[in-house]
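First residue of the sequence shown? That's 0 in numbering that gives the first Met the number 0, and the numbers climb one at a time after it. Right, one structure below, let's go through it.
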Amino acid sequence: MNPSRLVLLGDPVAQSLSPRFQSAAIAAAGLTVSYEAMQVSAHDLPRVARELAAERAGGNVTIPHKAAMLALCAEVTPVAQQIGAVNTFWVEGGKLFGDNTDVGGFDKAARNVLGSVDRRSVALIGAGGAAAAVLGAVGSWPGATVRIFSRRLKSAADLAARFGDFVRAESSAAAALHGAMLVVNATPVGMSDGTLPFPIADLTPRAVIIDLVYGKRGTPLTRAAAEAGFVASDGTDMLVEQGALSFERWFGFAPNRTVMRTALA
Ligand code: NAP
């Protein structure tokens, strides 16, 4: 802990907002550690991980290295093991440790918007890394169930099988959305244009929508859902919460989340 410096490993990495809001939180805490984006190819990742461990550095990992980093860590948390991905690393006793704070980040963001999460019926759209983090969180909600849809049924079925009985794969978005009181978009749809991951008309009345995509004024999905009268929140909350949990791993205390949010805005 108390790393010599912090880096964000990814490829590409320049678009990431983590350096901006982590640097603001680090400065607000009176620390002088740097946090910088570092573009690394898959080929170079093992060497870079060794060098960072020797320097007692820490940091985050983003697309496409989260799964590869898991294999490079000497020890990982049970959560990272379950998800099969590391997004946060640090060095203890000369060894590289890994965690996955996307799980706790989604859990906190969902509780912020829902209050109680018990017995939620959840529709999950998408079956990639972020969807796995959502399942890692929902798996700890008493009595909650998930119906997952992805454009390739096999991806959804494979992911459901990894997490157990509370998850079922569906062959259409409409079937997954039917009766769901929490709907999570875990695809990148809406990131670069105005498209929606599913029709708003398929939502159950009073459903709450969480889009893991984030944007300055929400996303196409959260804007369309809000216009139709639904409570909808974008991925900013999860971004801040996963970042706050990473910060706690590195420094042993919680950052100022308001500073993080302000830096993002
Ligand atoms: P990923 O591992 O690449 O998975 C993406 C999933 O979306 C896959 O199931 C993929 O299906 C599906 N998909 C991709 N393009 C699609 C399209 N045009 N139409 C329908 N489905 C599509 O990505 P990820 O890491 O899970 O990230 C997903 C999104 O969550 C990204 O936008 C990312 O920025 C966001 N995210 C946000 C946070 C946060 O803190 N707010 C954290 C993590 C991720 P195929 O397998 O068929 O391609």
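The beta carbon of each residue, even a glycine, is placed where N, CA and C say it ideally should be.
If you check the C-beta of Arg150 against the ligand NAP, you find a heavy atom less than 8 Å away. Proximity to Ala126 across Ser139, Val12, Ala159 and Phe197 peaks at Ala159, based on C-alpha coordinates.
Across the structure, Val182 and Val102 are spaced so that their CA atoms are roughly 16 Å apart. Nearest C-alpha to Ser191 among Pro219, Ile25, Val90 and Ser170: Pro219. DSSP places Arg19 within a helical segment (H, G or I) once states are collapsed to three. A straight line joining the alpha-carbon of Ala172 with that of Ile124 spans about 7 Å. For Asp101, the distance from the CB to the nearest heavy atom of the ligand NAP is below 8 Å. When DSSP reads this structure, Asn59 sits in a beta bridge with Leu7 and Thr87. Residues Ala126 of the same chain have their beta carbon placed closer than 7 Å to that of Ser154, with the five preceding and five following residues left out of the count. By DSSP's assignment, Lys215 forms a beta bridge with Gly217. For Phe162, the enclosing alpha helix (DSSP H) starts and ends at Leu152 to Phe162. In the three-state DSSP reduction, Gln38 falls in the strand class (E or B). Within its own chain, the residues whose Cβ lies closer than 7 Å to the Cβ of Ser17, once the five positions on either side in sequence are excluded, are Leu7, Asn59 and Gly242, listed in chain order. DSSP places Glu54 in the helix class (H, G or I) of the three-state scheme.
If only complete runs of 3 or more residues are kept, the segment 72-155 shows the beta strand (DSSP E) at 87-91, 94-98, 120-124 and 144-148, in order along the chain. The way I'd put it, the segment 228-248 does touch the segment 105-121; three or more beta-carbon pairs between them come closer than 8 Å. Rounded to the nearest angstrom, the Cβ distance from Arg118 to Ala143 is 6 Å, consistent with a contact under 8 Å. Secondary structure at Arg260: helix, using DSSP grouped into helix, strand and coil. Out of Met0, Ala130 and Thr186, the CA that lies nearest to the CA of Gly92 is found in Met0. In terms of side-chain proximity, the C-beta atom of Val188 is found nearer than 8 Å to a non-hydrogen atom of the ligand NAP. When only Cα atoms are considered, Trp89 and Gly97 end up about 7 Å apart. Comparing alpha carbon positions, the residue from Arg205, Phe246 and Ala24 closest to Gly228 is Arg205. Exclusion of the five residues before and after Leu195 leaves Val188, Gly189, Pro219, Leu220 and Ala223 as the residues of its chain whose Cβ lies within less than 8 Å of its Cβ.
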